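*Asks:* Those letters in the sequence shown? Residues 3 to 456, by the numbering used here.
Note that beta-carbon positions come from the ideal geometry of N, C-alpha and C, so glycine has one too.
This structure is a prediction, so every number in the text was calculated from the model and none was measured.
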Amino acid sequence: MAGGLRRCPSLRLRITAGALVVVVAASCGAARVVVGVVERKMVRQIDSTLTANTDFIERSMKRGTGLPMGEGPTDLYVQFVAADGRVLGASTAAQGLPALARPGRSAGGLVNRHDRTLGELRVLARPAPTSSRVTLVVARSADSVSDMRASLFRLLVMMVAAGSVLLGWVIWIVVGRALRPVDVMRRTVGSISERDLRRRLDRPGTGDELDRLADTLNELLARLERALTRERQFVADASHELRTPIAGVRALLESEPADPVTVVPVRAEALARLGALQDLVDDLLVLAKADGSVPDASVGSVDLDDLVLGQARQLEHTTNLRIDTSKVSGGQVAGRDTDLGRLVENLATNAARYARSTVTFSIRQLNGIVEFTVSDDGPGIAVADRERIFERFTTLEGARSRARGGAGLGLSIASTIVAAHHGSICVDDAPGAGATFVVRLPAQATPISVTAPD
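Encoded structure:
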C-alpha cells in the first residue's frame, strides 16, 4: 500500500464505536424522558398541595374563622394583593416580600416564578372570597423539583457512562472473537506465495458467513493454482514446441550447401518449417488471448452452414478425400465469425489429417441448439483419451500420434472457442470406424454474450 494513504480504523473499532454511539444516544433520550416524567409527577404533587392549601384558606375566610397567618409550612407563602399591587397582608413566611403575582393577569392559574430570595416557586392566584378587588396569592417552593432534576441527571449520567464503558468492553470482546477467524484467514492468505498455492484456509466451523467466506477464498485459491499451473505448463510446452522448428530452420540455414542445385530444396524446406512455425505462433497467440479473457464486442449472427460448406470446398481442392456435405442444413448461431471459422477449420483439418478416404460434415438444429459434427473414417480415438485430447500439446499413442503433423493445439483452440460461445464439444465413434467431433452451440434465437473462458 502507498505510504501516503491514511489508515482507516479497524472494523472492530468501528463496530464498537458505532454501537456505543447508538446506545449512548438512546440512553440519553431515555434519561431525558425519565427526568421529564419524574419532574412532572413532582410538579403535580406540589400543585395538588398548593390547590388544597388555597381551598382551605378560602373556606376559612368564608366561615369567618380568619386565617392563622403566623402558622403553616415554612415553604408556603400567602399574600393578599390589592389591585394596585400593594401587599395588604401576608403569612409569616411571606412577610416583607413583594407581590408574588400581579393581580388580574395571574388570577385563576398555576404559574412558575423565580424569586431571587426564595428561588423557584409555584404560584396560584385567585380572587379573594371577601373582595373581588383583592387577589389571594398562595405560593409554594419548587426548589425540590430543581434539586431532584439535578440529582437525577447526575445519577443518570454516571449510570450511562458506566454502562457505556461496560457495554463497550463487552462489544469489543464479542466483536474481537467474531472477527478472530477473519484475522486468521488474513494471515494465512498473506503467507501464501505464488510459488505454493496448494495451501488452503481452515473453515472456522461457525456455520455462518465466515465458513462461506473461507469456502469462497479456497475456491479462489484453487482457481489461481489451476491458472498458474496452466501458465507454467503453457510456457514449458510452448518452449519445447518452438525449440524444435527453430533448431531445424537454423540447421538448414547453417548447412550452406555447396551445390547450387540443392539450394532450392533447402530453401523450400526452410520456408515450409517457417510456415509451420508461424502457424504454431498464431495458435499460441489465440490461446494467450483466451487465457487473458480479452472481451470482444464483434458478436453477430453467423451462418454456420456457410462456414462449413466453404471449408468443405477447400478440402476438396487441397486433398484427395471424399467430402460429404449431404447432411448439412441451415444453422444460424450468435457469435464471432472469425472464431467460428477457426473452429470449423481446426476440426476439418484434424479430420482430414487422420481420415482414410472420407470426411463427413453435418448440421442440424433442434430445440434451440445447433449441432455441428465432423466425422472421419480414420483410426478413431480411445475412450480414455476423449477428454484429454482437448488439452494443449496432447500427444496420443498409436495411429493418431503427432507424427502426422500438427502441434497439438488445434483441438484445444476449438474447445476454447466453443466454451467462449457457451457451447459444448465432445468426441464420439463415427459410424463404421473413425471419430466424430460433436459441437453444440446456442441457436441465434437464444441470446448469448460471447466471452473468453476463465
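(1) Under a three-way DSSP split, which group does residue 302 fall into?
(2) Measure the Cβ-Cβ separation of residue 146 and residue 63 and say whether it is below 8 Å.
(3) Quick check on residue 16: buried or exposed, where buried means 16 or more other Cβ atoms within 10 Å of its Cβ?
(4) How would you write the range of the beta strand (DSSP E) that residue 114 sits in, first residue to last?
(5) State whether the segment 78-88 contacts the segment 129-149, with contact taken as three or more CB pairs (one from each stretch) at a distance under 8 Å.
(6) So, with DSSP's three-state summary, where would you put residue 122?
(7) At least one CB of chain B closer than 8 Å to the CB of residue 87: is that the case?
(8) Would you report the Cα separation of residue 444 and residue 418, rounded to the nearest angstrom?
(9) Over the uninterrupted alpha helix (DSSP H) stretch that includes residue 145, give me the two end residues.
(10) Roughly how many angstroms lie between the CA atoms of residue 374 and residue 284, to the nearest whole one?
(11) So, is residue 346 buried or exposed, given that buried needs 16 or more other C-beta atoms within 10 angstroms?
(12) For the alpha helix (DSSP H) containing residue 419, name the first residue and the last one.
(13) Looking only at its chain, what residues have a beta carbon closer than 8 Å to the beta carbon of residue 366, apart from the 5 residues adjacent to it on each side?
(14) Could you tell me if residue 248 is buried or exposed, where buried requires 16 or more neighbouring beta carbons within 10 angstroms of its beta carbon?
(15) Based on DSSP bridge pairs, tell me the residues matched to residue 326.
(16) Using DSSP with H/G/I as helix, E/B as strand and the rest coil, what is residue 17?
(17) Using three-state DSSP, classify residue 318 as helix, strand or coil.
(18) What do you reckon, are the CB atoms on residue 324 and residue 360 nearer than 8 Å?
(19) Alpha carbon to alpha carbon, what distance is there between residue 152 and residue 101?
(20) According to DSSP, is residue 431 part of a helix, a strand, or is it coil?
(21) Assuming residue 203 contacts residue 220 under a Cβ cut-off of 8 Å, what Cβ separation, rounded to an integer in Å, is found between them?
(22) Given that a residue counts as buried once 16 or more other Cβ atoms are within 10 Å of its Cβ, and exposed if not, what is residue 50?
(23) Hey, would you say residue 420 sits closer than 8 Å to residue 441, going by beta carbons?
(24) DSSP three-state call for residue 312: helix, strand or coil?
(25) How about the segment 153-165 and the segment 179-190: do they share at least three Cβ pairs that are nearer than 8 Å?
(26) Nearest to residue 134 by CA position, among 113, 335, 93 and 84, is which residue?
(27) Confirm, please, whether the CB-CB distance from residue 435 to residue 382 is below 8 Å.
(28) Taking C-beta to C-beta, are residue 378 and residue 356 nearer than 8 Å?
(29) Where does residue 100 sit, in a helix, a strand or coil, going by DSSP?
(30) Hey, how far is the Cα of residue 341 from the Cα of residue 423?
(31) What is the DSSP secondary structure of residue 393, reduced to helix, strand or coil?
(32) Taking the C-alpha atoms as reference points, what is the distance between residue 13 and residue 190?
(33) Looking at the unbroken alpha helix (DSSP H) that takes in residue 340, where does it start and where does it end?
*Replies:* Quick answer:
(1) strand
(2) no
(3) exposed
(4) 112-117
(5) yes
(6) strand
(7) Absent from the structure: chain B. Only one protein chain is present.
(8) 16 Å
(9) 145-193
(10) 25 Å
(11) buried
(12) 412-422
(13) 329, 331, 333, 372 and 373
(14) exposed
(15) 362
(16) helix
(17) helix
(18) yes
(19) 29 Å
(20) strand
(21) 6 Å
(22) exposed
(23) yes
(24) helix
(25) no
(26) 84
(27) yes
(28) yes
(29) coil
(30) 9 Å
(31) coil
(32) 19 Å
(33) 339-356
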